[in-house]
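Below is one structure, written out as structure tokens, with a few remarks after it.
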Amino acid sequence: MAIKDKVVIITGASSGIGEATAKLLATKGAKLVLGARREKRLQKLTDEIMKDGGTAVFQVTDVTKAEDNHSLVELAKAEFGKVDVIFLNAGLMPNAPLSKLKTDEWDRMIDVNMKGVLNGIGAVLPEFIKQKSGHVIALSSVAGIKVYPGAAVYGATKWAVRALIEALRMESAQEGTNIRTATLYPAAINTELLQTISDETTAKGFGELYQAYGISPDRIANIVAFAIEQPEDTNISEFTVGPTAQPW
Ligand SMILES: NC(=O)c1ccc[n+]([C@@H]2O[C@H](COP(=O)([O-])OP(=O)(O)OC[C@H]3O[C@@H](n4cnc5c(N)ncnc54)[C@H](OP(=O)(O)O)[C@@H]3O)[C@@H](O)[C@H]2O)c1
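Per this note's numbering: the sequence shown = residues 350 to 597.
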């Protein structure tokens, strides 16, 4: 399916994977609707895309608020008449051992990484059902297919994303709504994600790992574009993507 003129919502577009994907899809002619909390970053990205001949609008969005997700969909409809793809990318990773009892961070990860994805699905699904088409692409993580110490809650939220998106794929096929899905499982990608880690020992460990192996968020943007570009009758459900040199 050609990306040109597809209306694509991206959550967490203000940095990292979301930003890289917005830039790539803009060059391919997508009409972008960008959401995140940092307004200045969204404004700058939108200006850059427009200056380079692309099409983008933005709205300050907190994915933990159901109404913000709905108004992102409304913005897409008002500006471009429809939504073709939603890229549920917003997330954070304040990893730490459970024994550190960082319970506020547990809540935050559940709210953003899991409930944020559900809120996005809830906002876009009525449109996709009405249209009998649409594509939900979501960010899980290698932590959503492997368990590792220090990532208990983060991993749990990413396993949840995996379950939600796969069930959505199956239900949509059963219901004949023609909705495609893809779940991405990246390993070390160099973004601002590690800045969300407050536990010093964990931050140091991940910092060293990413410094040694991390690759550019452009690599994930390429996968998002590839998933969208498949023919309408073809669904690639899962992509595990990471640095060739990363040993785990
Ligand atoms: N980098 C990796 O190695 C890696 C690996 C596997 C999976 N992932 C996943 O990839 C996704 C993107 O992360 P990234 O690596 O690109 O990190 P990043 O640079 O920190 O980007 C995270 C994005 O999420 C947004 N965000 C956070 N809380 C939000 C909220 N409540 N509402 C709306 N937006 C929110 C941030 O924007 P604002 O702060 O402006 O709201 C930011 O744009 C995440 O789901 C992450 O778990 C990353």
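We put the CB at the ideal spot given by N, CA and C, even for glycine. What you are looking at is a predicted structure, and each value in this text was computed from that prediction instead of being measured.
Under 8 angstroms between the Cβ atoms of residue i and residue j?
i, j, result
"Y534", "G469", "no"
"G591", "T551", "no"
"M458", "P443", "yes"
"L542", "G365", "yes"
"I398", "K372", "yes"
"A375", "E368", "no"
"V422", "V473", "yes"
"A536", "Q480", "no"
"V485", "I435", "yes"
"V406", "V432", "no"
Could you tell me which residues DSSP pairs with residue i in its beta bridges?
i, result
"H484", "V434 and R529"
"Q408", "G384"
"A562", "In the sequence under discussion, the amino acid at residue 562 is Tyr, which differs from the Ala named in the question. Answer is none; Y562 lacks a bridge partner."
"F588", "L533"
"I398", "Beta-bridge pairing links I398 to no other residue."
Rank the options by C-alpha distance to the C-alpha of residue i and give the top, closest one.
i, options, result
"T404", "D417, T413 and K355", "K355"
"W455", "K353, S547, N571 and E581", "S547"
"G465", "V502, D417, E428 and K451", "D417"
"L394", "I359, A415 and I572", "I359"
"N608", "Y559, R529 and Q544", "This structure gives no information on residue 608, because the portion of the chain shown stretches from 350 to 597."
"A593", "S565, P580 and E587", "The question names Ala, but residue 593 is Thr in the sequence shown. Cα-wise, what sits closest to T593 is S565."
"T532", "E587, L447 and L558", "E587"
"S490", "F477, S482 and T506", "T506"
"N539", "Q560, E549 and K553", "Q560"
Is the closest heavy atom of ligand 1 to the C-beta of residue i under 7 angstroms?
i, result
"E476", "no"
"R568", "no"
"T540", "yes"
"N462", "yes"
"G361", "yes"
"L441", "yes"
"I366", "yes"
"N438", "yes"
At least 3 beta-carbon pairs within less than 8 angstroms: the stretch 563-582 vs the stretch 516-523
Contact between the stretch 563-582 and the stretch 516-523 is absent, with fewer than three C-beta pairs closer than 8 angstroms.
Cβ pair count under 8 angstroms reaching 3, the stretch 404-421 against the stretch 385-393
A contact exists between the stretch 404-421 and the stretch 385-393.
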